[in-house]
Structures are given as C-alpha cells and as structure tokens.
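Student: Sharing a structure with you now.
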Amino acid sequence: YNVHMDGALFSHFPILRYICPGFSGFNSFVNVHRQTLEFLRGEIEECKEGFDSADHRSLTDAYLDTLQSPGTKTSFSEEQLLAISLDLFIAGTETSAKSLAFAFLYLILNPDIQAKAQEEIDAVIGRHRLPTMKDRPRLKYVECVVLESIRKFAGQVLSIPRNPRGHAPQRILHTEGHNYHWKSTRRRNGRELDKPG
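Residues in the sequence shown are numbered from 192 upward in steps of one, following our numbering.
Right under this line is the structure:
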C-alpha cells in the first residue's frame, strides 16, 4: 500500500469520514492502520516467546520485563506497548528516512563538505571499526554537518500559514506589532523570526 495520510481529505475535513469514507481516504487509513497493528501485535508476541529477563534485546523486552516484574505496581500495559510501538514504527521511520535522504542529498550537492566530514571520520574513527557515542565529542565537524542538514531540512518542511505581499486579502498571522512581509515567496528563511534573526 502507498497511502499518505498527511494530505488525506478526512484529515482536513473530518466529517467526510462519515459522508464518503472511501473517497476521503478514511477506509484506506483504517485498513492500513489495522494491518500495522496486527503486524506489531505479532512482533510483540514473538518477543514474548523468546523473552529472557537477563538479556534485553529491545525496548519491547525492557517493557515486558517491567510488566512481568513481581510486586511492581505500574500503569504500563500491553496496549500501551502496542501504542508506543506504533508511534515508533510510523512517526520514527518516516521522519528518519526523509531526514537522512535530505542529508545525503545535501552532501551530494556539497562534495567539499562531504570530503571534509569523511576526513574527520577517518582521522577519529578510522575505517576498521564502527563509531560509538564516545567518538561524538571528537567529531565536531560531522556534528555540525548533521545539525545543519536538520536545520535546513526542518526549515523547508514547515507548513505554516504565510501571507506573501499582495497574495491574500487579510493578514493570517499577527505577532506583537510585527508586520514583516517576505520580499519573495521563493527564497525565505523558514526559521527567521524577525530582521535580526
């Protein structure tokens, strides 16, 4: 299935799920959601079968250990575990994939930055082992590249209302007397709050 819910009609006009659930995308959403939940339930059951309280392989194992600990009074439940898994599966994978794709595109378009980052990685880590969190303080340039790619990516995907000069009959946003109109709708800093930045 290739169902994108961020632009579905029912997410903008919820009443459409009652009037025309098929056309609005609601039926597709429910179907995909149901299949995803069943998949995650199966994964949780598989973790329960191979569970070893001495060896936590994942968040699910740690959660199950908390659930099965004798005498522990907690509000944790298997339904909560399912909800957390769904959040991680849906929200985490899509955001991470798009962020990484943008970061790679950014590096491809800036080979000088890519080369400098690779030099730092080779100098600090080498080519014969994987990086660890202990390497992070010594990878200053790589961290800057990562943070800059996130900043540039996040600035481009914010879908906030805006009012370019001459394109809307009324002002959409008003903030403490600031009435700044963008000179161009094509080039803008999505993170800029005022003229000084």
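Glycine is no exception: its CB is placed at the ideal position from the N, C-alpha and C atoms.
1) Which stretch, first to last residue, makes up the alpha helix (DSSP H) that contains Leu-250?
2) I'd like to know whether the C-beta atoms of Ser-266 and Ile-235 end up nearer to each other than 8 Å.
3) For Phe-267, does the three-state DSSP call read helix, strand or coil?
4) I need the straight-line Cα distance from Gly-262 to Ser-340, nearest angstrom please.
5) By how many angstroms is the C-alpha of Ala-245 removed from the C-alpha of Lys-264?
6) Can you find the residues in the same chain that come closer than 6 Å, C-beta to C-beta, to Pro-322, ignoring five residues on each side of it along the sequence?
7) How about Ile-304 and Val-336: do their beta carbons lie closer than 8 Å?
8) Does the distance from the C-beta atom of Phe-344 to that of Ser-290 stay below 8 Å?
Tutor: Taking the structure as given:
1) In the sequence shown, counting from the first residue as 1, residue 250 sits at position 59. Element bounds for Leu-250: 250-259.
2) As a working note, residue 266 is residue 75 in the sequence shown. As a working note, residue 235 is residue 44 in the sequence shown. Going by C-beta atoms, Ser-266 is not nearer than 8 Å to Ile-235.
3) As a position in the sequence shown, residue 267 is number 76, starting the count at 1. Residue state, collapsed to three classes: coil.
4) Here residue 262 refers to the residue found at position 71 of the sequence shown. Here residue 340 refers to the residue found at position 149 of the sequence shown. The alpha-carbon atoms of Gly-262 and Ser-340 are separated by roughly 47 Å.
5) Numbered from 1 along the sequence shown, position 73 holds the residue referred to as residue 264. Numbered from 1 along the sequence shown, position 54 holds the residue referred to as residue 245. Going by the C-alpha atoms only, they are around 20 Å apart.
6) Within the sequence shown, numbered from 1, the residue matching residue 322 stands at position 131. By the criterion of a C-beta distance shorter than 6 Å, Pro-322 is surrounded in its chain by Ile-316, once the five residues flanking it on both sides are discounted.
7) Taking the sequence shown and counting its residues from 1, one reaches residue 304 at position 113. Taking the sequence shown and counting its residues from 1, one reaches residue 336 at position 145. For Ile-304 and Val-336, yes; Cβs fall inside 8 Å.
8) Walking along the sequence shown from the start, residue 344 turns up at place 153. Walking along the sequence shown from the start, residue 290 turns up at place 99. Contact: yes.
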